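A short worksheet on the structure shown next.
Residue numbers (this note's numbering): 31 to 196.
Shown next as structure tokens:
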């Protein structure tokens, strides 16, 4: 169970790293696809580089975050195979990791950073969002989160089954 929680926290760290990569360095509107319409309406499509190579740094951080997250899932799978997990244990491990990641996404990204302006992160890079951000935005994407959780729980079934083949 400890490995499951550690891998879940590593997934959170990888997701957290995507935030400064996309918002702080790459600064492209496509990274705001899941943001509320009010936020997307006020931010520019792209922003000029503040320093030479800023976007390249962002893409490197983005690649690193994807590798970190993939590594956590791979480690969880290999550890389960070595520990002799059956289908049920694999399914529970992967589902717990998914739910931890989604709880972090909803609780930290949506509630703290986006809706409460936590740490002044978004307004620092996009001052135009300060006027439209607020607690009233929380839950704007509840259908998307519900679909991601339900879809993820279903996708854990073949993932657990594949792991039992090894």
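Here a beta-carbon is modelled for each residue, glycine too, at the ideal position from N, C-alpha and C.
Note that the structure is predicted; figures quoted are calculated from it, not measured.
State the beta-bridge partners of residue i as determined by DSSP.
{"i": "residue 58", "result": "76"}
Anyone know if the C-beta pair for residue i and residue j falls short of 8 Å?
{"i": "residue 130", "j": "residue 41", "result": "yes"}
{"i": "residue 134", "j": "residue 194", "result": "no"}
{"i": "residue 50", "j": "residue 91", "result": "yes"}
{"i": "residue 34", "j": "residue 126", "result": "yes"}
{"i": "residue 29", "j": "residue 140", "result": "Missing from the structure shown is residue 29; the chain here goes from 31 to 196 and no further."}
{"i": "residue 73", "j": "residue 59", "result": "yes"}
{"i": "residue 68", "j": "residue 162", "result": "yes"}
By how many angstroms is the C-alpha of residue j removed from the C-alpha of residue i?
{"i": "residue 107", "j": "residue 86", "result": "32 Å"}
{"i": "residue 171", "j": "residue 66", "result": "8 Å"}
{"i": "residue 180", "j": "residue 82", "result": "42 Å"}
{"i": "residue 71", "j": "residue 113", "result": "50 Å"}
{"i": "residue 178", "j": "residue 78", "result": "33 Å"}
{"i": "residue 123", "j": "residue 47", "result": "23 Å"}
{"i": "residue 61", "j": "residue 75", "result": "10 Å"}
{"i": "residue 189", "j": "residue 104", "result": "11 Å"}
{"i": "residue 80", "j": "residue 155", "result": "11 Å"}
{"i": "residue 192", "j": "residue 121", "result": "11 Å"}
{"i": "residue 158", "j": "residue 152", "result": "9 Å"}
Using the beta-carbon count (16 or more within 10 Å), is residue i buried or exposed?
{"i": "residue 44", "result": "buried"}
{"i": "residue 53", "result": "buried"}
{"i": "residue 110", "result": "buried"}
{"i": "residue 38", "result": "buried"}
{"i": "residue 150", "result": "exposed"}
{"i": "residue 185", "result": "exposed"}
{"i": "residue 31", "result": "exposed"}
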